[in-house]
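Reading through the structure tokens given below for one structure.
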Ligand code: UDP
Ligand code: MN
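In the working numbering, the protein residues as written are 587 to 847.
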């Protein structure tokens, strides 16, 4: 069974691929028994793909605009949806019975293989609007049929926030009310805002966190790292917890950076 379950992430360029490398190493450090997969587009260089293949079991190229696929042609007129569309590709990994999608800006702090006991679509509430799920971490069932249905939906309905989260929350519209077992605890997707929006809870529960999600325009790789002190120097107002950033940078410096040329 474990052979047919996978963690899946995505990079459309070499910068986000750095996030994937840290994430992949964090999954290995947490001793996952599942496969780990990264989806890449043509924006990811060959040398970066080689780096990714050292960490991931599968580096799967996905094509944004494949002229042989008539449904993709419609996307030519909807460039705003290209990123949304790319994430949807994860549903096409039908060699797996179940998968967990993780954004490239997430970091796994401890083993989360129990997520495979959940059903599609399981996700944590979004801190900004908790009746929506955050689409940075979700459990799903790969299916070509679901992919086509999601694609059709994306093309006809679009997305209320311009991204995959707005689209997926309308497609899986009963998530908020129907089945509490599809609500993952917040500790599986702790977004950076939690740090300043509810500091006492953050302080109380931070040791329980299993997955950190560095949402927003500033990503872990944008911060500065002082190599002599071994400490990250957080940019002001990113809202990121220094403690979690330090964990991201430790993996980057110990396991990712030495292999880069
Ligand atoms: N992504 C990517 N290239 C981009 C933007 C996004 O590969 O230029 C992928 C990546 O996996 C990323 C995910 O799409 O983690 C969602 O975007 P992001 O994490 O930046 O959104 P946020 O979580 O900040 O809303
Ligand atoms: Mn993200």
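Using N, Cα and C, we set each Cβ at its ideal position, and we do this for glycine too.
Assigned with DSSP and collapsed to three states, residue 711 falls in strand. Just measuring C-alpha positions, the residue of 619, 642, 680 and 618 sitting nearest residue 605 is 642. For residue 595, the shortest separation between its Cβ and any heavy atom of ligand 1 lies below 7 Å. The beta carbon of residue 693 is closer than 6 Å to those of 612, 798 and 834 in its chain, skipping five residues each way along the sequence. In the DSSP assignment, residue 700 forms no beta bridge with any residue.
Residue range 644-647 is occupied by the beta strand (DSSP E) that includes residue 646.
Taken atom to atom, the span from the alpha-carbon of residue 778 to that of residue 804 is near 10 Å. Per DSSP, the beta-bridge partners of residue 817 are 812. Residue 623 has its alpha-carbon roughly 11 Å from the corresponding atom of residue 607. Closer than 7 Å to some heavy atom of ligand 1: that does not describe the Cβ of residue 718. When rounded, the separation of the alpha-carbon atoms in residue 768 and residue 593 is 18 Å.
Boundaries of the beta strand (DSSP E) harbouring residue 591: 591-597, taken from the DSSP string. Leaving aside the five residues that flank residue 676 on each side, the residues in its chain whose CB is nearer than 8 Å to its CB run, in chain order, 594, 596, 625, 685, 687, 726 and 728.
Per DSSP, residue 629 lies in no beta strand (DSSP E) segment and is marked neither H nor E. Here residue 683 really is in contact with residue 591; their C-beta atoms are around 6 Å apart, less than 8 Å. By DSSP's assignment, residue 799 forms a beta bridge with 692 and 777. When DSSP states are grouped into helix, strand and coil, residue 684 belongs to the strand group.
In this structure residue 630 touches residue 599 by the C-beta definition: roughly 6 Å separates them, less than 8 Å. With fewer than 16 neighbouring CB atoms inside 10 Å of its own CB, residue 790 falls in the exposed class. Taking the CA atoms as reference points, residue 815 sits about 12 Å from residue 832. Closer than 7 Å to some heavy atom of ligand 1: that describes the Cβ of residue 690.
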